[in-house]
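See structure below.
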Amino acid sequence: MTQEELFKKLVAHSKEYGFIFPSSEIYDGLSAVYDYGQLGVELKNNIKKYWWDAMTKLNDNIVGIDSAIFMHPRIWEASGHVGAFNDPLIDNRDSKKRYRADVLIEDFIAKQDEKIAKEVEKARKRFGEAFDEAKFLETNPRVAEHRAKRDAAHDRMVKALNDNDLNELRQIIVDSEIVCPISGTRNWTEVRQFNLMFETKMGSVSEGANTIYLRPETAQGIFVNFLNVQKTGRMKIPFGIAQIGKAFRNEIVARQFIFRMREFEQMEMQFFVRPGEELKWFDHWRQTRMKWHRALGFGDTHYRFHDHDKLAHYANAATDVEYEFPFGFKEVEGIHSRTDFDLGNHQKFSGKKIQYFDTETGESYVPYVVETSIGVDRMVLQVLSASYEEQKLDNGESRTVMHIPAALAPVKAAVLPLVKKDGLPEVARELMHSLKFDHNVQYDEKDSIGKRYRRQDAIGTPFCITVDHQTLEDKTVTIRHRDSMEQQRVAIADLPGIIGEEVSFRKLFAKLS
Ligand code: ATP
């Protein structure tokens, strides 16, 4: 199965089992907007808990807030979003398709790397054992040609983005002979800037209406509450404020399922530090966040950092945590050293003093900020794509199983009476009720036991508990483990302990400290 096929299956599976539905489906959907179904919302809530607790419980100097989506419109002027939250767009006149100019160039750069990899593979086959890859990469003229093209496009793009030079961006596309993936032609328009914020009106009469924006990030709600939280919480620098909430961006090139949506959710933490100490803290959060991802056990090699070539106007260091999705390594989280840009600008635009008096140094200053910003939906996609497996079993059968980490699994256990008679359903229901105060559990009596196991495997339930005739005699049940499919006979009295231990967040948190 190719990665593309795998991804298609994953999207279909997510819908079939109630994780994710296209929004407004009975009206043919709304592009790049999705709804979470009965299992999706559980998974999402567990991911949020993993993040929220890792921030606010494991760090005694981080607290949370929940600010409103609507904010004063001047906030978006101060933050730079009104002026500069743009994507450079280019249209192909033949296909009428619109692209982000920088993404077209990045795809071209990635293609050169693929060509180099293919040359290496061909040569490896030709030379066999004697193949010296390092030497080949150094001396082969075709490799040198691809590399030169890649580096030239890369360097020109970085410069053009930094200079905001839209003509140059177009020229790189022309010079690199990039064609539209749909029409195959090079009939390109000019490159234009397009603001990504959604606007709406506030006020009851339209004359008096004020244009306000749906927030494109949750961070600004934290900045404008800096003093409120610092004073009421008597917070001492360094400290952080965390928030989870919806954000909205009018993405032009929305694709890859829930990877790029127009309405999505972010988990952001702004960490306020002394000026001059921001790079130390940037490094701290870079390492800490990577640990958080890797603790899920999806394999360390599926993660990497991508340091930014083009720093945002406010940043003095920035990196992305990238995960290897079926469609390649892509950003799931950004870590940015934002200097004093945001607080400084809010001070300027609001006319209110936003300063911190440092009792240790005796100085007042505008704190510097290190931000960690992660998309909940991209995390959901990470978990789903890492967990999905179509497994061939030894007996020739196959099963689809979601190896979702137990702490994040939507349903923790299913209680199944072996047959629908002899008093087994009653005992099973009683057992389910005794577990439901602590865990999300399901009861299922329909179809053969094998089919019921498969249904639970497909939604990632870590445990299936089967009540059989022996249960009536000795108060024991079998517990089947999702990944190994092993079954154990255990006392009902031991179940809360076994399940509780496995699905608890403790194990994950222990890996973080
Ligand atoms: P990209 O380069 O992919 O557009 P970005 O660098 O603009 O992302 P940030 O502004 O740093 O993203 O936002 C922080 C996080 O929010 C991202 O790492 C991502 O997980 C999430 N995010 C951003 N845009 C979207 C979107 N359109 N849909 C889903 N998640 C998003």
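Numbering-wise, the numbering used here puts 394 at position 353 of the sequence shown, and it's gapless, one number per residue.
Note that beta-carbon positions come from the ideal geometry of N, C-alpha and C, so glycine has one too.
Model, not experiment: these values are computed from the prediction.
- According to the DSSP assignment, aspartate 204 belongs to the alpha helix (DSSP H) that extends over 182-204.
- By the Cβ test, the stretch 527-545 is not in contact with the stretch 320-329, since fewer than three Cβ pairs between them sit closer than 8 Å.
- When distances are taken from the beta-carbon of valine 411 to the heavy atoms of ligand 1, even the shortest one reaches 6 Å or more.
- Judged by DSSP secondary structure, glycine 340 falls outside any alpha helix (DSSP H); it is assigned neither H nor E.
- Rounded to whole angstroms, the gap between the alpha carbons of leucine 425 and glutamate 147 is 26 Å.
- DSSP places aspartate 154 inside the alpha helix (DSSP H), whose first and last residues are 142-168.
- Arginine 290 has its Cβ nearer than 6 Å to a heavy atom of ligand 1.
- Sequence-distant partners of tryptophan 322 (beyond 5 residues in either direction) whose C-beta falls short of 7 Å from its own C-beta, in its chain, are Pro279, Phe312, Val314 and Val411.
- At least one heavy atom of ligand 1 is found less than 6 Å from the C-beta of glutamate 374.
- Taken from the Cβ of aspartate 418, at least one heavy atom of ligand 1 lies inside 6 Å.
- Straight through space, the alpha carbons of asparagine 133 and tyrosine 355 are spaced by roughly 32 Å.
- Under a 10 Å Cβ-count criterion, glycine 81 is classified as buried, with 16 or more other Cβ atoms of the shown protein chains found around its own Cβ.
- When the five nearest sequence neighbours on each side are left out, the beta carbons in the same chain lying within less than 6 Å of the beta carbon of isoleucine 150 are those of Arg191, Ala194 and His195, in order along the chain.
- By a beta-carbon distance limit of 8 Å, aspartate 498 contacts threonine 441. Their separation comes to about 7 Å.
- DSSP, reduced to helix, strand and coil, places glycine 317 outside both helices and strands of the structure shown, so it counts as coil.
- Beta-bridge analysis with DSSP links tryptophan 229 to Asn133.
- Segment contact: the stretch 251-269 against the stretch 71-79, fewer than three CB-CB distances shorter than 8 Å; contact not assigned.
- Counting the other CB atoms within 10 Å of its CB gives valine 452 a total of 16 or more, which places it among the buried residues.
- Per the coordinates, the alpha-carbon of aspartate 418 lies some 28 Å from the alpha-carbon of valine 270.
- The C-beta distance from phenylalanine 368 to glutamine 44 rounds to 7 Å, short enough to meet the 8 Å contact threshold.
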